[in-house]
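Heads up: the structure comes next, in structure tokens.
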Amino acid sequence: MSTQEHPLGISFEFFPPNTEAGRDKLMGVRDALASRNPRFFSVTYGAGGSTQNRTLNTVRQVRESGISTAPHLSCIGSEKAQLRDLLAQYREEGIDSLVALRGDLPSGMGGIGELRYANELVEFIREETGDHFEIAVAAYPESHPQAPSFEKDLENFARKMNAGANLAITQYFFTADAYFHFVERARALGVEAPIIPGVMPITNYTKLARFSDACGAEIPRWIRKQLEAYGDDSESIAAFGEEVISRLCQRLLDGGAPGLHFYTLNQAAPSLKVLDNITG
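Okay, structure coming up:
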């Protein structure tokens, strides 16, 4: 994840497909995005190991592109022995980057595991593997939905970074000032590592609203109202979404953001169109 590999520090996130057709499609998406010379790809991971094997298999396939690929690693629902084995396997596979997360507790699960928070997971990775892995953690410019306050969330973020993280990737947002304010406050707490803004292309209003309500990302009222007005007109939604996200990305880069991390939802075109608009 060297910050010098791409002038904009572009990276892309995938989720592990659960069908053969989905895996085939993702390889095409991977190739299309690899052509932009990203710094890295990342692959999500289900809490409690629900997609652990799919994550590893997807990482193996994505890495065939020659692009560094970082698996997500969640501590909720995992014991230290399980995490230790997984870290050893990743090292054997030649993987040198991770995205370390607390993870969400699925309904019906018994315990949360031996590690409760992401800072504990980062500390554990460092204790077990030294500096082998470059570790990214999550940041929440609009505050984590379960945080008691913005101040507490900032303290938790600084704790994660101080535990040994190399960089942070934010939850997606649509208000650039939220990102700049968060970075300013984090710097005041002594966090010096890169904080890369996460970007969610807009292609489907129903899905976007559902994701955003679940993760605490605020969709500004003017964006909601315009998307609602388009109804089922998918072409207008995509065109409006492309314009909104392109403007957001340009403002972030102009304001000093060290890169952009796209939540692709295993699609290439929406991210590529935004990149064309801001780098063309």
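Counting along the sequence shown from 1, when you hit position 123 you're at 505 in our numbering, and nothing is skipped either side. Ideal placement from N, C-alpha and C gives every residue a C-beta, glycine not left out.
(request) Would you kindly report the start and end of the unbroken beta strand (DSSP E) that includes F564? (result) Here residue 564 refers to the residue found at position 182 when the sequence shown is read from its first residue. From DSSP, F564 is part of no beta strand (DSSP E) but of the alpha helix (DSSP H) over A558 to A570.
(request) Report the residue from C631, T440 and I605 whose alpha carbon sits nearest the alpha carbon of N648. (result) By 1-based counting over the sequence shown, the position of residue 648 is 266. It is T440.
(request) Would you check if the region 608-624 and the region 573-590 touch, i.e. whether three or more CB-CB distances between them fall below 8 Å? (result) Of all C-beta pairs linking the region 573-590 to the region 608-624, three or more are shorter than 8 Å, placing the two stretches in contact.
(message) Which of the three DSSP states is assigned to G430 in this structure?
(response) For the purposes of this step, residue 430 is taken as the residue at position 48 of the sequence shown. In this predicted model, G430 has a pLDDT of only 46, less than 50, meaning its place in the structure is not dependable; the value taken from the coordinates is given anyway. Here G430 sits in helix by DSSP.
(request) Return the first residue and the last residue of the beta strand (DSSP E) that L480 is part of. (result) Numbered from 1 along the sequence shown, position 98 holds the residue referred to as residue 480. L480 -> beta strand (DSSP E) spans S479 to L483.
(message) When you measure from the CB of T588 to every non-hydrogen atom of the ligand PLP, does any distance come out below 7 Å?
(response) Judged by which ligands are present, the structure shown has none, so any question about the ligand PLP falls away.
(message) Could you check whether T426 and E475 sit closer than 8 Å to each other, using their CB atoms as the reference points?
(response) What you label residue 475 is simply residue 93 of the sequence shown in a count that begins at 1. What you label residue 426 is simply residue 44 of the sequence shown in a count that begins at 1. For the pair E475 and T426, the CB atoms are not nearer than the 8 Å cut-off.
(request) Spell out the partners DSSP gives I516 in its beta bridges. (result) Position 134 of the sequence shown, counted from the first residue, corresponds to residue 516. Rather than Ile, the amino acid found at residue 516 in this sequence is Glu. DSSP output for E516 lists S479 as bridge partner(s).
(message) Looking only at its chain, what residues have a beta carbon closer than 6 Å to the beta carbon of R541, apart from the 5 residues adjacent to it on each side?
(response) Position 159 of the sequence shown holds residue 541. Once the five neighbours on either side are set aside, the close Cβ partners of R541 are N501.
(request) With DSSP collapsed to three states, give me the class of Q632. (result) By 1-based counting over the sequence shown, the position of residue 632 is 250. In the three-state DSSP reduction, Q632 falls in the helix class (H, G or I).
(request) Within the same chain, show all residues whose beta-carbon is closer than 6 Å to that of P576, passing over the 5 residues directly before and after it, in chain order. (result) Numbered from 1 along the sequence shown, position 194 holds the residue referred to as residue 576. Take P576, set aside five residues on each side of it, and the residues of its chain with a beta-carbon closer than 6 Å to its own are L549 and P640, in chain order.
(message) Going by DSSP, what residue range makes up the beta strand (DSSP E) through I507?
(response) On the sequence shown, position 125 is the one that residue 507 refers to. Taken as a continuous stretch (DSSP letters only), I507 belongs to no beta strand (DSSP E), being part of the alpha helix (DSSP H) at A500 to T511.
(message) Please classify S531 as buried or exposed, where buried requires at least 16 neighbouring CB atoms within 10 angstroms.
(response) In the sequence shown, counting from the first residue as 1, residue 531 sits at position 149. By the 10 Å Cβ count, S531 comes out exposed.
(request) Going by CA-CA distance only, name the one from L654, R418 and F515 that's closest to R473. (result) Taking the sequence shown and counting its residues from 1, one reaches residue 473 at position 91. When only C-alpha atoms are compared, the closest one is F515.
(request) Can you have a look at L503 and say buried or exposed, based on whether 16 or more other CB atoms are within 10 angstroms of its CB? (result) Translated into the one-based positions of the sequence shown, residue 503 becomes position 121. The residue is buried, with at least 16 neighbouring Cβ atoms inside 10 Å.
(message) Given this structure, state the Cα-to-Cα distance separating T557 from L630, to the nearest angstrom.
(response) Counting from 1 along the sequence shown, the entry for residue 557 is found at position 175. Counting from 1 along the sequence shown, the entry for residue 630 is found at position 248. Rounded to the nearest angstrom, the two C-alpha atoms are 8 Å apart.
(message) Can you tell me where the beta strand (DSSP E) holding A550 begins and where it ends?
(response) For the purposes of this step, residue 550 is taken as the residue at position 168 of the sequence shown. L549 to Y554 is the span of the beta strand (DSSP E), which, as asked, contains A550.
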